[in-house]
Amino acid sequence: MSREPLLKTVLTPWSIDDAENTYHVKRWGNGYFDIGETGDINVIPRYDQPNLKINLKEVIEEMQSEGIQFPAVIRFHDILRSQVELLNKTFRNTIEEANYEGQYFGVFPVKVNQMREVIEEIVDAGSRYNYGLEAGSKPELIAALAYNTNKNSLTILNGYKDEEYLRLALLGLKIDRNIIIVIEKYSELLKLVTLAQKLDVKPIIGLRVKMMVKGRGKWEHSSGERAKFGLSIAEILNAVAYLEAEGLTDCIKLLHFHIGSQLTDIRAIKEAVQEASLVYSKLFKLGVPLEYVDVGGGLAIDYDGSQSTNDSSCNYNLAEYVSDIVHGFKQNCDLESVPHPHLVSESGRAITAHHSCVITNVIGEIHPSGTQYSTRKSTGEHIIVSNIRELEVDLTAAEKKDNHQEIYNDVVQLKSQAMQAFKLGILNLDELAKVETMYWRILNVIEQQMQNHDFIPEELNDISEMLSSQYLANFSVFQSAADSWAIDQVLPIVPISRLNEKPAKLCSLVDITCDSDGKIDKFIGHDTVANNIPMHKLNQDDDYYIGIFLTGAYQDVMGDMHNLFGRLNEVHIVSYDDDPKDFYIEEVVKGSSVDNVLSTMQYTPAIMAQVIKKEIDVQISRGKLKPREGVNLIDFYEDCLNGYTYLKQ
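Quick note on numbering: our numbering labels position 190 of the sequence shown as 274, and the sequence is numbered without any gaps.
Written out as structure tokens, the structure is:
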């Protein structure tokens, strides 16, 4: 990981362009976010209405006026609808321009974001395009049966299946849903046929093939011959033969493949289309009446804005992705003289990531040199303390002598000697505190004096990171940015306002959990992943809000209960051009209360309150508490049980 340069804090002009070059909002924002002239983050919720902009700071202010506590999730349902429309229109337009003879029937994978409001919005926005759902478990299938009521759309069923799962699928067929049961394991096919014959239902069957080609990116090992799901070519031929013997060949309607999530390199998609189109063509020529090819998920989003093959990026856009699929299948099917199949994709991350963000307030700063301690010279002090004091004096002439490197080397050595001397009982606590205080002061002065230097030695570049702050933010990484902790996913993080001011701090973020892993120290840098992000100095009387963006895919649903913090408050924003602020709050969904999370973990809050009441009554009877005080304490405890789990402002 390469080092980021020293953060220049000298008074130089600062513009919105400088802010964009620092936080790269337009690069990762996909047209939905930018920095306004006032220095606030704007949201552009409709891809077809670029002049409709929502000031995110004004959204926060309205939430405050309505008493909504932070941290909170903000959902922009218009972005969700925009992404559904864009995906479907891009496929439709490309199909028409290419004279492709099949149609597009997309499905949204419920696992990416199972929230009811999200599924409802996607199904509604996709109804005109016959956009369906994909389920990978029994609970997801139960939800899909209730919400995907469009009989012209598909419901694709993936994942391992037991008899109950298969019965649910056949139930869907009985009520005229286009349920396609994808066989992930050969034994599932035997169960399905037996059950279908017993229930007198003709199933619609999909076969998932294990592809030779592998994906690119963090999930590339989920594909290939060692993939967890799917059938080998030999198993597919055995499945075809078995269904032919059972008189069910005409039930095989779909060929499915998946080479991984967040495919970073377009070449993987090209290679997969080439292989899949040949498998489809050969099977069709064998008399298998396939109508659909499901290209799976994998359509990536550019989290870091680098437009590269980094794990958090991709080197293609939606139009190129769709074009390669449509033209690839058209060309290969024409060469094999077989019909063009209907195309299905399971793009979940690209649909939902942009529509949701986490907004939290910074509640404090942890700085290594923030403590003040008197370093006044004392009689008989140790030579190490005297030497480090002399170094601090020498710094006043450092600009003339250009001896920053020498002083840095000396102060590091003296700090190390002081620690050893303390361990040997030579230095006392007062002397060690003086050494530490002067050490950090010297580093601060070196950093300030080096600001105007054209060349900064590599070791001195480390000083900025050593002096960087940790901003304490009111949230849980494990609940709201799980991928940042679990797989080092880089998520865009930006101050919500003051972007017309030059940031003067280099920071990492720490959350309020009592876990050393509760931090974010990977950010979008200039050329690589950075350990810190530029932030503004905290003003004592002003709230400082930051946004964690692109959290709509997986982050919404994968968070855990670490420290019993639970789910965040949630606000749904809808754009409205006639409103003075161009938006209104459509719905507020309350996050977890303390009694909610305790109940989830098998506690009984009512009994807990009774225990505390009895304890307080005992203290009242003993005269240690006055009755009024005791009642207030009981009320306070019960209020806390009913309150929000996160810190109050």
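Every residue gets a Cβ at the ideal spot worked out from N, C-alpha and C, and that includes glycine.
Inter-residue Cα distance where the pair is residue i and residue j
i: Ser431; j: Gly216; result: 11 Å
i: Leu583; j: Ile119; result: 7 Å
i: Glu722; j: Ile669; result: 30 Å
i: Ile409; j: Glu185; result: 13 Å
i: Ala228; j: Tyr660; result: 30 Å
i: Gly256; j: Pro423; result: 28 Å
i: Val168; j: Met692; result: 47 Å
i: Phe175; j: Lys354; result: 16 Å
i: Trp98; j: Met619; result: 14 Å
i: Val127; j: Val377; result: 36 Å
i: Asn445; j: Glu142; result: 15 Å
i: Met642; j: Ala566; result: 7 Å
i: Pro134; j: Lys337; result: 41 Å
i: Leu170; j: Asn262; result: 24 Å
i: Asn322; j: Tyr231; result: 35 Å
i: Glu713; j: Tyr687; result: 27 Å
i: Ile435; j: Leu273; result: 31 Å
i: Leu95; j: Val578; result: Residue placement at Leu95 is flagged as unreliable, the pLDDT there being 49, under the threshold of 50; the coordinate-derived value follows with that caveat. Rounded to the nearest angstrom, the two C-alpha atoms are 22 Å apart.
i: Leu551; j: Ile138; result: 36 Å
i: Leu402; j: Gly380; result: 15 Å
i: Asn726; j: Pro287; result: 49 Å
i: Ala482; j: Asp494; result: For Ala482, the predicted model reports a pLDDT of 49, less than 50, meaning its position is unreliable; a value from the coordinates is still stated below. Straight-line Cα distance between these residues: approximately 14 Å.
i: Glu104; j: Ile510; result: 52 Å
i: Ala280; j: Ser237; result: 22 Å
i: Ile617; j: Ser600; result: 19 Å
i: Asn736; j: Ala505; result: Outside the modelled stretch of the chain, which goes from 85 to 733, sits residue 736, for which no answer is possible.
i: Met295; j: Ala384; result: 19 Å
i: Lys710; j: Gln694; result: 19 Å
i: Val293; j: His340; result: 6 Å
i: Thr635; j: Leu556; result: 20 Å
i: Pro89; j: Arg351; result: Residue confidence for Pro89 is low, a pLDDT of 45 falling below 50, so the modelled location carries little weight; the figure read from the coordinates is stated next. Rounded to the nearest angstrom, the two C-alpha atoms are 34 Å apart.
i: His411; j: His426; result: 13 Å
i: Gly113; j: Ser221; result: 32 Å
i: Ser86; j: Ser470; result: Here the model assigns Ser86 a pLDDT of 39, short of 50, so the residue's position is not dependable, and the following value carries that caveat. C-alpha separation (whole angstroms): 36 Å.
Candidates the options: closest to residue i by CA position
i: Leu332; options: Glu359, Gly290, Leu347; result: Gly290
i: Tyr107; options: Glu465, Tyr270, Tyr387, Ile179; result: Tyr387
i: Tyr730; options: Thr480, Ser676, Lys141, Ala693; result: Ser676
i: Ile264; options: Ser397, Gly509, Phe189, Arg212; result: Phe189
i: Lys698; options: Val715, Leu419, Thr688; result: Val715
i: Leu347; options: Ser392, Phe313, Asp334; result: Ser392
i: Met147; options: His656, Ser683, Met199, Leu709; result: His656
i: Asn42; options: Trp112, Leu622, Val372, Ser407; result: Past the boundaries of the shown model lies residue 42; the chain is included only from 85 to 733, so the question cannot be answered.
i: Ala219; options: Pro193, Ile385, Ser552; result: Pro193
i: Asp395; options: Thr122, Met296, Asp478, Lys606; result: Lys606
i: Ile630; options: Val594, Gly380, Leu419; result: Val594
i: Glu654; options: Val672, Asp611, Phe667, Tyr326; result: Val672
i: Leu652; options: Val561, Asp246, Gln624; result: Val561
i: Asn615; options: Ala637, Phe720, Ser548; result: Ser548
i: Arg525; options: Tyr492, Leu250, Met503; result: Tyr492
i: Thr612; options: Gly650, Pro689, Gly389; result: Gly389
i: Tyr628; options: Asp662, Asn114, Pro587; result: Pro587
i: Ala42; options: Ala502, Asp644, Ser553; result: Here the chain covers residues 85 to 733 and nothing more, so residue 42 does not appear.
i: Leu737; options: Met522, Val574, Ile447, Ser211; result: Only positions 85 to 733 of the chain appear in the structure, and residue 737 is not among them; the question remains open.
i: Val574; options: Phe633, Ile530, Pro129, Gln563; result: Phe633
i: Arg200; options: Lys708, Thr684, Asp640; result: Asp640
For residue i, the first and last residue of its enclosing alpha helix (DSSP H)
i: Gly256; result: 247-258
i: Thr278; result: 270-283
i: Met522; result: 513-533
i: Lys366; result: 350-369
i: Gln497; result: 488-507
Distance between beta carbons of residue j and residue i, contact taken as under 8 Å
i: Thr597; j: Asn536; result: So it is not a contact: roughly 41 Å between Cβ atoms.
i: Ile240; j: Val191; result: 5 Å
i: Asn528; j: Ser592; result: Contact doesn't hold; Cβ gap of about 18 Å is too wide.
i: Ser365; j: Cys417; result: 6 Å
i: Glu449; j: Leu590; result: With a Cβ gap of about 12 Å, Glu449 and Leu590 do not count as contacting.
i: Asp162; j: Leu140; result: Going by Cβ atoms, the distance from Asp162 to Leu140 rounds to 14 Å, so no, they are not a contact pair.
i: Leu508; j: Ile472; result: Leu508 to Ile472, Cβ: 18 Å. No contact.
First and last residue of the uninterrupted beta strand (DSSP E) at residue i
i: Arg292; result: 289-292
i: Phe117; result: 117-119
i: Cys724; result: Not the beta strand (DSSP E): Cys724 falls in the alpha helix (DSSP H), residues 711-726.
i: Asn445; result: 440-450
i: Gln156; result: Going by the sequence as given, residue 156 is Ala instead of Gln. 156-160 is the span of the beta strand (DSSP E), which, as asked, contains Ala156.
i: Ala182; result: That residue, Ala182, is in no beta strand (DSSP E); it is neither H nor E in DSSP.
CB contact check: residue i to chain B, cutoff 9 Å
i: Lys603; result: In the structure shown, chain B cannot be found, because there is only a single protein chain.
Using 8 Å as the threshold, is the region 438-447 in touch with the region 145-158, meaning 3 or more CB pairs across them?
-> yes
Quick one: any contact between the region 508-520 and the region 454-466, if contact means 3 or more CB pairs under 8 Å?
-> yes
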